[in-house]
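Residues 120 to 594, numbered by my numbering, are exactly what the sequence shown covers, in order.
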Amino acid sequence: MIFICQSKINRDIIYLILQELQDDKKSLYSCLTVNKTWSEIVIPILWKNPWKYLRKGNETLLLNIIILHLSNESRNKLSKYFNINSYQKPLFNYINFCKYLNLGGIERLLISKSLININEIFKIFINENMKFTHLYIPHKFNYYFMDLISGVEKGFSKLEFLSCNTNINDDTLIGLVEICKSIKELELYVEPCNNNDEIIKLIDSPKKLINIRFLTKPYSSNDELFCGILENSFIKHANHLQYFKITKQPTTKILSSFINLKSLELYDNSRPMSWNCLENLSLPYLQILKATGIPIKVLTSLIDHTNGHLIEIKIDHISHNEISNKKIIQTIYKKCPNLEYLKLLFINNNILELRELLINCNHLIGLYIIFEDVWDVNVMIDYNIIFKILSDNSSISLFKLKFYYHREPELKSFEFFFDNWKIRIPMRPILLQTIQYHVLYGSEHFDLIEKYKKNGIVKKYENALSENTFQDFEW
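Dropping the structure here:
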């Protein structure tokens with residue numbers, strides 16, 4: 120009995136550890152080969168959302184595994200067209216582990232496979248044995264949704280997340296309104312035209328939405344009246360809403376209703392707008408602010424009206440002058456004492472403000488500096504000053520650094536930085552990433568950093584040719 124309990128405890132601990140790796144596909148794959156117990160734990164984690172790992176070129180591999188779950192008759196018909204053994208049975212019932220139903224992912228797998236009846240594949244996923252938490256409806260979904268879920272509605276009774284477009288047909292909308300009363304997260308893509316006005320019912324159906332993503336197509340003209348109606352319908356959930364993302368300037372003053380918001384993501388994917396709705400906006404509990412293409416003046420005002428709870432700020436893809444840059448840096452270090460992660464442009468003449476930021480925001484863990492020469496290639500960066508400020512004023516908590524520049528620092532500047540860091544913070548090796556679209560230097564820079572890795576000053580170093588290679592606060 121003692122052995123059984125100990126075994127159960129060990130399995131539970133392994134499960135909790137592997138759950139933390141659920142976004143690290145490479146590590147999870149390596150864990151599959153440890154032993155049977157680890158494999159039995161990893162497989163459900165990987166198959167909880169298999170669409171997450173779907174990439175161009177690996178569609179056939181996933182489809183072959185799915186086909187193995189078809190009836191013997193169906194597999195026999197397909198075996199001569201696909202690289203499968205018609206008598207082979209899967210080691211696990213992988214489909215039963217799936218909690219994310221991505222109908223667009225299924226369509227994508229079958230788009231060039233006319234031999235397969237898509238309804239057969241739908242039936243593998245949509246049946247009385249399934250319990251979904253996430254549902255994705257693709258644009259122009261041409262199947263009768265009500266027929267697909269008829270008799271198996273209980274499989275959607277614990278649904279937490281829905282992603283769909285505003286031009287879904289009435290049949291699909293009726294079905295969604297019925298099964299989405301329990302959802303807490305809604306991702307809504309607004310189409311430029313042919314929208315379904317009854318989509319409001321889908322927003323009203325859930326008892327409590329805590330996460331809304333209100334998304335529009337880049338550079339498309341949107342129906343402002345329709346967008347305004349949708350925005351006003353979100354007010355029902357204002358007291359509960361904790362996360363809101365919007366990719367166009369709001370038509371209404373809806374943001375002022377979200378008084379309990381903890382995370383706000385703003386993305387201007389159309390023509391540049393004023394975003395005056397952010398001026399004097401008070402979000403006292405805001406913890407995370409991500410802004411792309413949003414004017415600096417209104418972002419400065421927004422940060423100034425927070426109550427010191429911000430722990431993460433990401434501001435990028437917006438041109439602004441030296442005065443505006445200085446003001447937002449000062450506002451951040453005056454209003455955000457608990458800040459842990461920051462991505463921001465530092466204009467050359469304001470680089471001394473970095474010292475004040477490091478002193479006042481002494482809980483920083485990760486700092487992502489965009490240097491001015493990314494915007495203006497004629498600007499010369501004095502890396503010795505910047506690296507001295509970093510090494511002299513960084514707190515013990517700061518060890519994740521990301522530098523985005525056009526012209527790389529000289530070797531002696533890196534040496535100066537690493538040597539000073541070793542003296543100042545000897546027990547905190549750096550996680551370092553650099554981003555440069557055109558790598559101008561040779562292997563000597565990499566060799567130098569490799570030397571400091573061996574000395575324990577740098578724990579990990581990566582150079583990327585694009586800022587999109589990694590998540591902003593991924594090291």
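C-beta atoms are modelled at their ideal positions from N, C-alpha and C, and glycine is treated no differently. As the structure is a prediction and not an experimental result, all values here were calculated from the model.
Next item on the list: Tell me whether Gly-485 is buried or exposed, calling it buried when 16 or more other Cβ atoms sit within 10 Å of its Cβ.
Entry: Taking all protein chains in view, the Cβ of Gly-485 is crowded by 16 or more other Cβ atoms within 10 Å, so the residue is classified as buried.
Could you compute how far the alpha carbon of His-439 sits from the alpha carbon of Lys-446? If you take the alpha carbons of His-439 and Lys-446, they lie about 11 Å apart.
ask   = Would you call the CB atoms of Asn-246 and Gly-274 closer than 9 Å?
value = Contact flag set, yes.
message = Please classify Lys-144 as buried or exposed, where buried requires at least 16 neighbouring CB atoms within 10 angstroms.
response = In this structure Lys-144 is exposed. Its beta-carbon is surrounded by fewer than 16 other beta-carbon atoms within 10 angstroms.
*Quick one, which of Ser-585, Ser-393 and Phe-533 has its alpha-carbon nearest Lys-572's?*
Per the Cα distances, Phe-533.
Just to check my reading of the structure: Asn-444 and Leu-477 have Cβ atoms closer than 8 Å, yes? What is that Cβ distance to the nearest angstrom?
Actually they do not touch by this definition, with Cβ atoms about 17 Å apart.
Under a Cβ-count criterion, where at least 16 other Cβ atoms within 10 Å of its own Cβ denotes burial, should Gln-555 be classed as buried or exposed?
Gln-555 is buried by the Cβ-count criterion.
Checklist entry - With contact counted as at least three CB pairs below 8 Å, one residue from each stretch, are the stretch 398-414 and the stretch 428-435 in contact? => result Yes: the two stretches touch, three or more of their Cβ pairs being nearer than 8 Å.
- Alpha carbon to alpha carbon, what distance is there between Val-153 and Ile-413? Ile-413 and Val-153 have their alpha carbons spaced roughly 48 Å apart.
**At least 3 beta-carbon pairs within less than 8 Å: the stretch 273-287 vs the stretch 247-262** = Yes: at least three Cβ pairs fall under 8 Å.
### Alpha-carbon to alpha-carbon, Phe-345 and Glu-529
If you draw a straight line from the Cα of Glu-529 to the Cα of Phe-345, it is about 54 Å long.
>> Going by DSSP, what residue range makes up the alpha helix (DSSP H) through Ser-532?
In response: Annotation: the continuous alpha helix (DSSP H) that includes Ser-532 extends over 530-543.
Might you give, ordered along the chain, the residues of its own chain that have their beta carbon closer than 7 Å to the beta carbon of Trp-170, omitting 5 neighbours on each side?
Within the same chain, Tyr-219, Asn-221 and Gly-224 come within 7 Å of Trp-170 by CB-CB distance, once the 5 residues on both sides are set aside.
Cβ shell of Glu-297 (< 6 Å), same chain only, five flanking positions each side left out: The answer is none, since no qualifying residue turns up.
Distance CB(Asn-213)-CB(Ile-160) smaller than 9 Å = Here residue 213 is Tyr; the residue named in the question, Asn, does not match the sequence. The Cβ atoms of Tyr-213 and Ile-160 lie no closer than 9 Å to each other.
**Request:** Compare the beta carbon distance of Ile-488 and Leu-471 with 9 Å and say whether it is the shorter of the two.
**Result:** Cβ distance not < 9 Å, so Ile-488 and Leu-471 don't count as in contact.
Span of the beta strand (DSSP E) around Thr-411: For Thr-411, the enclosing beta strand (DSSP E) starts and ends at 407-411.
**Request:** Write down every uninterrupted run of the beta strand (DSSP E) in the stretch 273-339 whose length is 3 residues or greater and which is fully enclosed by it, in chain order.
**Result:** Fully enclosed beta strand (DSSP E) runs of 3 or longer: 280-284, 304-309 and 330-335.
Whole angstroms is fine: what's the gap from Phe-264's alpha carbon to Phe-241's? If I take the Cα positions, the gap works out to 11 Å.
Under three-state DSSP, which class holds Tyr-134?
-> Three-state DSSP puts Tyr-134 in a helix.
**Request:** With DSSP collapsed to three states, give me the class of Val-493.
**Result:** Reduced to three states, the DSSP call for Val-493 is helix.
Work out the CA separation of Asn-481 and Glu-398 for me, nearest whole Å.
-> Taking C-alpha positions only, Glu-398 is separated from Asn-481 by approximately 28 Å.
Problem set entry | C-alpha distance - Asp-538 paired with His-564, whole-angstrom precision | One C-alpha to the other measures close to 15 Å.
>> Taking a contact to mean a Cβ-Cβ separation below 9 Å, would you say Arg-332 touches Lys-364 in this structure?
In response: Annotated as proximal: Arg-332 and Lys-364, with beta-carbon spacing under 9 Å.
Discussion item. My output table needs one value for Gly-485: the three-state DSSP class, helix, strand or coil.
Written reply: Secondary structure at Gly-485: strand, using DSSP grouped into helix, strand and coil.
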